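Enquirer: One structure, as structure tokens, below. Some questions next.
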Amino acid sequence: MEYAEILHRCFRCGYCKLPSSYQDLNCPSYLKFRFETYSPGGRMWLLREWLDGGIKTSERFQEILYSCTACGNCVEHCIFPKFKADLLNAFTAGRVELVDRGVLPRLVSRYFKAIYNYGNPYKLLKEERGKWAEGLDIEIYKDHEHLFYVGCAGSHDERGQKMTRAVASLMKRLDVSFGILGADEICDGNEVRVMGEEGLFEHLAKQNIETFQKAGVNKIITLSPHAYHAMKNYYPFFGGSFQVLHYTQILAGLIGKAGFTMPSKPLKVTFHDPCYLGRHNNDYFTPRVVLGAIPGVEIVEMDRSKVDSLCCGGGGGNFFTDILGGGPDSSSRVRAREAAETGAEVLAVACPKCAKMLDDAIKAEDMEEKLRVMDSAEILIERLVQANEENETATSVSR
Amino acid sequence: MKDVYQQLVSIVGPAYASNHPEERFFYSRDGGTMEPREPDFVVMPKTTDEVQQIMKLANEREIPVVPMGGGLVLSGLSRPLKGGIVLDMKRMNRILEVNETSRYVVVEAGASQGMLQAYLKKHHPKLKHSVPDAPPIATIAGNVLIHGSGHLSAMGGFHTDMLNGLEVVLPTGEMVRIGSCSTSPYWFSRFPLPDLSGLFLGWAGTTGVATKIAIKLYPNRPFNDVIIFVTEDPEIVPDVIHRLSGVAVAEDILAWMTPKPVWAHGFQMLNVNYGADSRRELTLKRDLLRESVSKYIDEKVGGFMPLPPDMKKRFLEAPASTLAVFADVNKGGGFEYVGGIMPIELFPEAYRKGLEVASKHAVTYSLGARIIGLGHCMMFFYAYAFNRADEADVKRAQQALEDTNGMVLEMGGIPWKAEAPAQKQIINKMHPPTYELMNRIRAVLDPKGIMNPGNWEVS
Ligand SMILES: Cc1cc2nc3c(=O)[nH]c(=O)nc-3n(C[C@H](O)[C@H](O)[C@H](O)COP(=O)(O)OP(=O)(O)OC[C@H]3O[C@@H](n4cnc5c(N)ncnc54)[C@H](O)[C@@H]3O)c2cc1C
Ligand code: SF4
Ligand code: SF4
Numbered sequence: 003m004e005y006a007e008i009l010h011r012c013f014r015c016g017y018c019k020l021p022s023s024y025q026d027l028n029c030p031s032y033l034k035f036r037f038e039t040y041s042p043g044g045r046m047w048l049l050r051e052w053l054d055g056g057i058k059t060s061e062r063f064q065e066i067l068y069s070c071t072a073c074g075n076c077v078e079h080c081i082f083p084k085f086k087a088d089l090l091n092a093f094t095a096g097r098v099e100l101v102d103r104g105v106l107p108r109l110v111s112r113y114f115k116a117i118y119n120y121g122n123p124y125k126l127l128k129e130e131r132g133k134w135a136e137g138l139d140i141e142i143y144k145d146h147e148h149l150f151y152v153g154c155a156g157s158h159d160e161r162g163q164k165m166t167r168a169v170a171s172l173m174k175r176l177d178v179s180f181g182i183l184g185a186d187e188i189c190d191g192n193e194v195r196v197m198g199e200e201g202l203f204e205h206l207a208k209q210n211i212e213t214f215q216k217a218g219v220n221k222i223i224t225l226s227p228h229a230y231h232a233m234k235n236y237y238p239f240f241g242g243s244f245q246v247l248h249y250t251q252i253l254a255g256l257i258g259k260a261g262f263t264m265p266s267k268p269l270k271v272t273f274h275d276p277c278y279l280g281r282h283n284n285d286y287f288t289p290r291v292v293l294g295a296i297p298g299v300e301i302v303e304m305d306r307s308k309v310d311s312l313c314c315g316g317g318g319g320n321f322f323t324d325i326l327g328g329g330p331d332s333s334s335r336v337r338a339r340e341a342a343e344t345g346a347e348v349l350a351v352a353c354p355k356c357a358k359m360l361d362d363a364i365k366a367e368d369m370e371e372k373l374r375v376m377d378s379a380e381i382l383i384e385r386l387v388q389a390n391e392e393n394e395t396a397t398s399v400s401r
Numbered sequence: 023m024k025d026v027y028q029q030l031v032s033i034v035g036p037a038y039a040s041n042h043p044e045e046r047f048f049y050s051r052d053g054g055t056m057e058p059r060e061p062d063f064v065v066m067p068k069t070t071d072e073v074q075q076i077m078k079l080a081n082e083r084e085i086p087v088v089p090m091g092g093g094l095v096l097s098g099l100s101r102p103l104k105g106g107i108v109l110d111m112k113r114m115n116r117i118l119e120v121n122e123t124s125r126y127v128v129v130e131a132g133a134s135q136g137m138l139q140a141y142l143k144k145h146h147p148k149l150k151h152s153v154p155d156a157p158p159i160a161t162i163a164g165n166v167l168i169h170g171s172g173h174l175s176a177m178g179g180f181h182t183d184m185l186n187g188l189e190v191v192l193p194t195g196e197m198v199r200i201g202s203c204s205t206s207p208y209w210f211s212r213f214p215l216p217d218l219s220g221l222f223l224g225w226a227g228t229t230g231v232a233t234k235i236a237i238k239l240y241p242n243r244p245f246n247d248v249i250i251f252v253t254e255d256p257e258i259v260p261d262v263i264h265r266l267s268g269v270a271v272a273e274d275i276l277a278w279m280t281p282k283p284v285w286a287h288g289f290q291m292l293n294v295n296y297g298a299d300s301r302r303e304l305t306l307k308r309d310l311l312r313e314s315v316s317k318y319i320d321e322k323v324g325g326f327m328p329l330p331p332d333m334k335k336r337f338l339e340a341p342a343s344t345l346a347v348f349a350d351v352n353k354g355g356g357f358e359y360v361g362g363i364m365p366i367e368l369f370p371e372a373y374r375k376g377l378e379v380a381s382k383h384a385v386t387y388s389l390g391a392r393i394i395g396l397g398h399c400m401m402f403f404y405a406y407a408f409n410r411a412d413e414a415d416v417k418r419a420q421q422a423l424e425d426t427n428g429m430v431l432e433m434g435g436i437p438w439k440a441e442a443p444a445q446k447q448i449i450n451k452m453h454p455p456t457y458e459l460m461n462r463i464r465a466v467l468d469p470k471g472i473m474n475p476g477n478w479e480v481s
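Protein sequences appear in the order of chains A and B.
Heads up: the first sequence runs through residues 3 to 401, numbered per the working numbering.
Heads up: the second sequence runs through residues 23 to 481, numbered per the working numbering.
Next up, the structure:
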């Protein structure tokens with residue numbers, strides 16, 4: 003197994019379970035299951051013992067490996083500078099080993115099979131892929147400046163589609179030149195990669211690269227930070243070098259200049275950093291710039307933000323497999339409670355998976371009355387509508 | 023055993039009881055050198071009532087029970103030497119009450135050092151507790167129950183000295199309250215009642231399961247600084263400590279002696295941390311500390327080291343996270359230390375002998391001492407790194423630790439949080455009626471001998 007040589011170096015000190023403030027558990031799987039075995043240190047020690055043959059592959063062991071959401075908190079907070087960067091790589095390598103040995107949890111094999119057969123985990127036919135765009139007058143990519151790559155959750159999940167439509171509409175309104183692949187878009191493969199199916203990831207990456215290159219794409223805007231991560235950091239290994247931007251990175255430069263009229267009522271917003279934009283790609287700034295550029299929006303930070311952000315629990319394939327599972331200690335629900343504590347009305351997100359996970363968590367916590375999950379484009383569009391309404395009322399009153 | 027598992031599941035719920043090989047493997051060992059011992063079950067209670075039910079079941083079925091907090095003691099004290107149940111207490115982690123005026127906090131036994139630290143910082147920024155340098159997931163209870171020490175020990179003594187009260191579940195399942203909380207709604211002190219807390223302190227979990235604990239809090243001062251006294255002459259160190267601690271302004275005094283970095287080799291460094299409510303007070307305190315050892319500065323046998331800002335920042339950090347990194351000096355993932363509690367005057371001997379042991383066993387070492395109280399005693403530590411992947415190296419460290427325990431006892435010190443074999447060494451040296459009394463007490467509290475058996479035993 004790759005990275006096997008670092009496994010014995012874990013001191014099981016547990017810094018990796020926590021954020022910088024030490025205030026609470028910040029590894030989603032440890033937070034949920036609470037046995038040491040589900041912590042990053044637990045994974046290190048178990049993987050070593052498993053490779054040495056001391057423990058056998060079991061459902062429990064698989065659950066331990068696949069309930070890791072690949073959030074990167076351990077990489078950020080492990081205090082051993084010489085190997086911390088490879089912690090998550092070691093867990094991924096462990097999953098690669100499970101794939102190689104052909105001993106996978108059923109949910110995981112199903113996920114891989116669906117992607118292999120359908121190009122998405124929802125087992126939907128390719129004709130469904132671009133349906134979110136119906137009625138929005140969005141063009142298929144031709145010679146636009148950017149390809150807008152939407153991804154599986156943004157294309158097929160109901161909550162994800164809402165966000166996609168908002169982002170696409172806003173980009174149109176801001177005159178961003180973009181087109182989509184529609185039915186020709188397939189999964190970016192990021193989750194497949196972290197879940198250990200290297201071969202399938204390579205297949206997806208190469209297929210995507212070929213499609214992009216054939217269409218003459220140079221610049222890609224992704225909806226999902228997961229796709230952003232894969233395309234920016236892994237596609238170059240397969241010959242796919244594109245300029246990849248997360249959609250907030252496009253919006254950041256445009257919203258401020260657009261001169262939108264906003265409603266008078268201020269809006270208190272707290273921002274949930276997506277792991278693949280934040281910890282994995284070190285961009286904590288841009289989404290806050292976008293929110294900050296929306297007139298009237300006041301950003302309040304949660305205790306755990308930026309490098310200390312608590313993952314929504316949807317990474318590492320858990321969005322689909324749900325091996326991490328729900329309950330009051332699931333990180334999405336803990337996160338929703340944390341967001342509510344700030345007094346914000348809106349929990350802002352920048353990832354369709356976070357949107358869905360946190361939306362569901364707010365429902366489970368019965369907090370729909372006081373907290374809503376929205377992405378920055380949804381916020382902006384809603385505020386434009388409100389501003390219009392205010393304007394109309396003012397006009398009719400003055401008449 | 024299957025029915026025991028079912029009963030445990032019915033007490034804590036299926037998600038929090040395990041007899042899986044994965045948990046049995048992980049909970050059979052800690053980060054130190056002691057050999058693994060497998061539990062049959064790992065259980066994570068949420069309430070005192072659940073702990074009581076577990077203890078009643080264990081007592082009835084004569085199943086060993088080993089309480090565990092962070093499991094960070096390094097000397098293998100939460101390994102189940104005779105199998106049975108490991109009680110991972112960390113789900114019981116609520117902070118129950120902070121009394122700002124009388125400066126105390128009541129927490130559940132699984133609350134971690136880090137969690138309390140963050141909670142105080144956010145909700146009671148003028149208060150702090152004495153933070154040990156253990157990783158922040160270590161529990162308050164696990165640390166106090168073993169007589170830990172930390173960043174306020176020069177001011178407040180051992181962490182046990184800062185204990186105000188306990189709630190404990192006895193091995194037979196009854197719950198008792200110790201200290202003022204037994205008689206009053208307040209957890210202000212262990213006194214003036216007969217002090218029963220001694221029945222549970224220093225016993226390595228062999229007399230009961232603490233479920234709640236109250237500790238003293240101290241002013242968190244806005245201005246903080248550290249100065250470092252350096253000398254090459256270990257003989258003067260006891261007097262230097264005596265003088266520095268006697269000024270009674272230091273919060274923490276910590277000596278450290280390491281072969282690396284190279285510039286530190288051969289020196290004895292004494293970090294003195296102190297805080298103040300104003301800059302003027304800070305300067306005054308610094309001057310008082312400097313003045314107390316001016317004799318040695320004038321004689322040019324010691325002095326204060328200039329400190330670059332990043333180094334100062336590191337020395338002001340609580341817990342000092344860089345300490346744990348010692349485990350990776352040889353890319354080996356492990357270290358363990360003997361903490362010898364001893365009088366200050368033994369410093370030169372303790373230091374010399376530490377170097378001898380390290381050299382004899384060719385182990386990578388780091389030595390140091392935390393001063394307890396106003397120089398009332400010290401915890402002299404001998405830390406040895408080892409490579410976990412190299413069995414011979416682990417054995418070598420283990421041997422060095424064993425020799426060190428013997429050496430500490432011979433000098434007149436006592437190993438702290440001693441490994442099971444070192445406990446035997448202590449018992450061999452102990453006044454026999456004392457050990458007899460320990461056994462009589464244990465027989466009363468734990469008639470079936472189920473609490474962390476194998477500890478504080480001769481055979
Ligand atoms: C890098 C490093 C630095 C350290 N620095 C310090 C330091 O500065 N000061 C210091 O004091 N220690 C230090 N330690 C030692 C140790 O980690 C701490 O004392 C720690 O606080 C122990 O707490 P724990 O929760 O990990 O206890 P554990 O190791 O889980 O338990 C310790 C003992 O207490 C018993 N126990 C635990 N919880 C209960 C309970 N609820 N009821 C009954 N018995 C119980 C256990 O059975 C065991 O015998 C350090 C350790 C490391 C690794
Ligand atoms: S992964 Fe790093 S921080 Fe976590 S337990 Fe291991 S050594 Fe400690
Ligand atoms: S990546 Fe996140 S979920 Fe996975 S072990 Fe690290 S902290 Fe836990």
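Quick reminder that beta carbons are idealized off the backbone N, C-alpha and C, glycines included.
Source: prediction; values computed, not measured.
So, at 7 Å on beta carbons, what are the nonlocal neighbours of Val291 (chain A) in its own chain, with the 5 sequence-adjacent residues on each side left out?
Expert: Walking along the first sequence from the start, residue 291 (chain A) turns up at place 289. Ala254, listed in sequence order.
Enquirer: What does a CB cutoff of less than 7 Å around Lys150 (chain B) pick up in its chain, not counting 5 residues either side in sequence?
Expert: Taking the first residue of the second sequence as 1, we reach residue 150 (chain B) at position 128. Within the same chain, Lys150 (chain B) has close Cβ partners Leu142, Leu239, Tyr240 and Asn242.
Enquirer: For a contact meaning CB atoms closer than 7 Å, what does Met137 (chain B) contact in chain A?
Expert: For the purposes of this step, residue 137 (chain B) is taken as residue 115 along the second sequence, with counting starting at 1. Neighbours of Met137 (chain B) on chain A, chain order: Tyr24, Gln25 and Asp26.
Enquirer: When the cut-off is 8 Å and only beta carbons count, does Cys314 (chain A) lie next to chain B?
Expert: Residue numbering aside, residue 314 (chain A) sits at position 312 when the first sequence is read from its first letter. No, its Cβ sits nowhere closer than 8 Å to a Cβ of chain B.
Enquirer: I'd like to check one pair, Arg337 (chain A) with Leu1 (chain A): are the Cβ atoms closer than 8 Å?
Expert: Outside the shown range of chain A, which is 3 to 401, sits residue 1 (chain A), and nothing can be said about it.
Enquirer: Could you tell me the distance, in whole angstroms, from the CA atom of Glu65 (chain A) to the CA atom of Ile325 (chain A)?
Expert: Position 63 of the first sequence holds residue 65 (chain A). Position 323 of the first sequence holds residue 325 (chain A). About 7 Å.
Enquirer: Give the straight-line distance between the Cα atoms of Lys19 (chain A) and Leu49 (chain A), rounded to the nearest whole angstrom.
Expert: Reading the first sequence from its first residue, position 17 is the one you call residue 19 (chain A). Reading the first sequence from its first residue, position 47 is the one you call residue 49 (chain A). Roughly 18 Å between the two C-alpha positions.
Enquirer: Return the CA-CA distance between Lys308 (chain A) and Val178 (chain A), expressed in angstroms with no decimal places.
Expert: On the first sequence, position 306 is the one that residue 308 (chain A) refers to. On the first sequence, position 176 is the one that residue 178 (chain A) refers to. Lys308 (chain A) and Val178 (chain A): Cα-Cα distance of roughly 28 Å.
Enquirer: Do Gly258 (chain A) and Arg97 (chain A) have their beta-carbon atoms positioned less than 8 Å apart in this structure?
Expert: In the first sequence, the residue the question calls residue 97 (chain A) occupies position 95. In the first sequence, the residue the question calls residue 258 (chain A) occupies position 256. Against a cut-off of 8 Å, the Cβ pair of Gly258 (chain A) and Arg97 (chain A) comes out as no contact.
Enquirer: State the start and end residues of the unbroken alpha helix (DSSP H) segment that holds Ala80 (chain B).
Expert: Translated into positions along the second sequence, residue 80 (chain B) becomes position 58. First-last of the alpha helix (DSSP H) with Ala80 (chain B): Thr70 to Arg83.
Enquirer: How many angstroms separate the CA atom of Thr233 (chain B) from the CA atom of Ala135 (chain A)?
Expert: Working through the second sequence from its first residue, we reach residue 233 (chain B) at position 211. Working through the first sequence from its first residue, we reach residue 135 (chain A) at position 133. One C-alpha to the other measures close to 57 Å.
Enquirer: In the DSSP assignment, what are the bridge partners of Pro89 (chain B)?
Expert: Walking along the second sequence from the start, residue 89 (chain B) turns up at place 67. Beta-bridge pairing links Pro89 (chain B) to B:Leu109.
Enquirer: In the DSSP output, which residue or residues are listed as bridge partners for Tyr151 (chain A)?
Expert: Here residue 151 (chain A) refers to the residue found at position 149 of the first sequence. Paired residue(s): A:Thr224.
Enquirer: Under 8 Å by Cβ, that's how I've got Ile211 (chain A) and Gly241 (chain A) pegged, so tell me the actual separation to the nearest angstrom.
Expert: Position 209 of the first sequence, counted from the first residue, corresponds to residue 211 (chain A). Position 239 of the first sequence, counted from the first residue, corresponds to residue 241 (chain A). Their Cβ separation, rounded to whole angstroms, is 6 Å, which keeps Ile211 (chain A) and Gly241 (chain A) in contact under 8 Å.
Enquirer: Grab me the residues of Gly361 (chain B)'s own chain with a C-beta within less than 6 Å of its C-beta, minus the 5 sequence neighbours each way, in chain order.
Expert: As a position in the second sequence, residue 361 (chain B) is number 339, starting the count at 1. Correct list, in chain order: Met401, Phe403 and Trp438.
Enquirer: Which residue from B:Ala346, B:His398, B:Arg83 and B:Gly172 puts its Cα closest to that of Val26 (chain B)?
Expert: As a first step, residue 26 (chain B) must be located in the second sequence, where it is residue number 4. Answer by Cα proximity: B:Arg83.
Enquirer: For the region 318-333 of chain B and the region 249-260 of chain B, state whether three or more C-beta atom pairs, one from each stretch, are separated by less than 8 Å.
Expert: Contact between the region 318-333 of chain B and the region 249-260 of chain B is present, because at least three Cβ pairs lie under 8 Å.
Enquirer: When the Cα of Leu431 (chain B) is compared with those of B:Gln445, B:Gln421, B:Ala419 and B:Gln420, which residue comes out closest?
Expert: Within the second sequence, numbered from 1, the residue matching residue 431 (chain B) stands at position 409. The option with the nearest alpha carbon to Leu431 (chain B) is B:Gln445.
Enquirer: Can you say whether Thr228 (chain B) is buried or exposed, counting buried as having 16 or more other CB atoms within 10 angstroms of its CB?
Expert: Here residue 228 (chain B) corresponds to residue number 206 of the second sequence, with the count starting at 1. Its Cβ being crowded by 16 or more others within 10 Å, Thr228 (chain B) is buried.
Enquirer: Should His282 (chain A) be labelled buried (16 or more other beta-carbon atoms within 10 Å of its own) or exposed?
Expert: Working through the first sequence from its first residue, we reach residue 282 (chain A) at position 280. Buried.
Enquirer: Bridge partners for Gly242 (chain A) per DSSP, in chain order?
Expert: The count along the first sequence starts at 1 and reaches residue 242 (chain A) at position 240. Its beta-bridge partners do not exist; DSSP assigns none.
Enquirer: Shortest alpha-carbon distance to Pro370 (chain B) belongs to which of B:Ala442, B:Pro260, B:Gln74 and B:Asp299?
Expert: Working through the second sequence from its first residue, we reach residue 370 (chain B) at position 348. Of B:Ala442, B:Pro260, B:Gln74 and B:Asp299, the residue nearest in Cα terms is B:Pro260.
Enquirer: Using a Cβ-Cβ cut-off of 8 Å, state whether Phe37 (chain A) counts as contacting chain B.
Expert: As a position in the first sequence, residue 37 (chain A) is number 35, starting the count at 1. Yes, its Cβ sits closer than 8 Å to a Cβ of chain B.
Enquirer: Quick check: is the beta carbon of Lys417 (chain B) nearer than 8 Å to any beta carbon in chain A?
Expert: In the second sequence, residue 417 (chain B) corresponds to position 395, counting from 1. Lys417 (chain B) does not count as touching chain A.
Enquirer: From Gly54 (chain B) to Gly106 (chain B), what distance separates their C-alpha atoms?
Expert: Indexing the second sequence from 1 puts residue 54 (chain B) at position 32. Indexing the second sequence from 1 puts residue 106 (chain B) at position 84. Gly54 (chain B) and Gly106 (chain B): Cα-Cα distance of roughly 21 Å.
Enquirer: Count the other C-beta atoms from every protein chain shown that fall within 10 angstroms of the C-beta of Val64 (chain B), then say buried if there are 16 or more, exposed otherwise.
Expert: Position 42 of the second sequence holds residue 64 (chain B). It is buried - the Cβ of Val64 (chain B) has at least 16 other Cβ atoms within 10 Å.
Enquirer: Check the C-beta distance from Asp217 (chain B) over to Arg308 (chain B) and give it rounded, since I have them as a contact under 8 Å.
Expert: Walking along the second sequence from the start, residue 217 (chain B) turns up at place 195. Walking along the second sequence from the start, residue 308 (chain B) turns up at place 286. About 38 Å separates the two Cβ atoms, so there is no contact after all.
Enquirer: Using the C-alpha atoms, what's the distance from Ala384 (chain B) back to Val351 (chain B)?
Expert: The sequence position of residue 351 (chain B) within the second sequence is 329, counting from 1. The sequence position of residue 384 (chain B) within the second sequence is 362, counting from 1. Roughly 14 Å separates the two Cα atoms.
Enquirer: Can you give the Cα-Cα distance for Tyr38 (chain B) and Asp183 (chain B), rounded to whole angstroms?
Expert: Mapped onto the second sequence, residue 38 (chain B) falls at position 16. Mapped onto the second sequence, residue 183 (chain B) falls at position 161. Tyr38 (chain B) and Asp183 (chain B): Cα-Cα distance of roughly 34 Å.
Enquirer: Kindly say whether Glu340 (chain A), judged by its beta-carbon, lies nearer than 8 Å to any beta-carbon of chain B.
Expert: By 1-based counting over the first sequence, the position of residue 340 (chain A) is 338. No, Glu340 (chain A) does not count as interfacial toward chain B.
Enquirer: Mapping DSSP to helix, strand and coil, what is Pro437 (chain B)?
Expert: Start at 1 with the first residue of the second sequence, and residue 437 (chain B) comes out as number 415. Here Pro437 (chain B) sits in strand by DSSP.
Enquirer: So, for Val73 (chain B): in the same chain, excluding its five sequence neighbours on each side, which residues have a beta-carbon less than 6 Å away from its beta-carbon?
Expert: Position 51 of the second sequence, counting from 1, holds the residue named residue 73 (chain B). Within the same chain, Val73 (chain B) has close Cβ partners Pro67, Val191, Val231 and Thr233.
Enquirer: Mind pulling the chain A residues with CB within less than 8 Å of Tyr38 (chain B)?
Expert: Translated into positions along the second sequence, residue 38 (chain B) becomes position 16. Correct list: Arg36.
Enquirer: Where do the ends of the alpha helix (DSSP H) carrying Ser31 (chain A) lie?
Expert: As a first step, residue 31 (chain A) is located in the first sequence; it is residue number 29 there, counting from the start. Unbroken alpha helix (DSSP H) run through Ser31 (chain A): Pro30 to Phe35.
Enquirer: Give me the Cα-Cα distance between Lys24 (chain B) and Arg46 (chain B), rounded to the nearest whole angstrom.
Expert: Taking the second sequence and counting its residues from 1, the one referred to as residue 24 (chain B) is at position 2. Taking the second sequence and counting its residues from 1, the one referred to as residue 46 (chain B) is at position 24. Roughly 15 Å between the two C-alpha positions.
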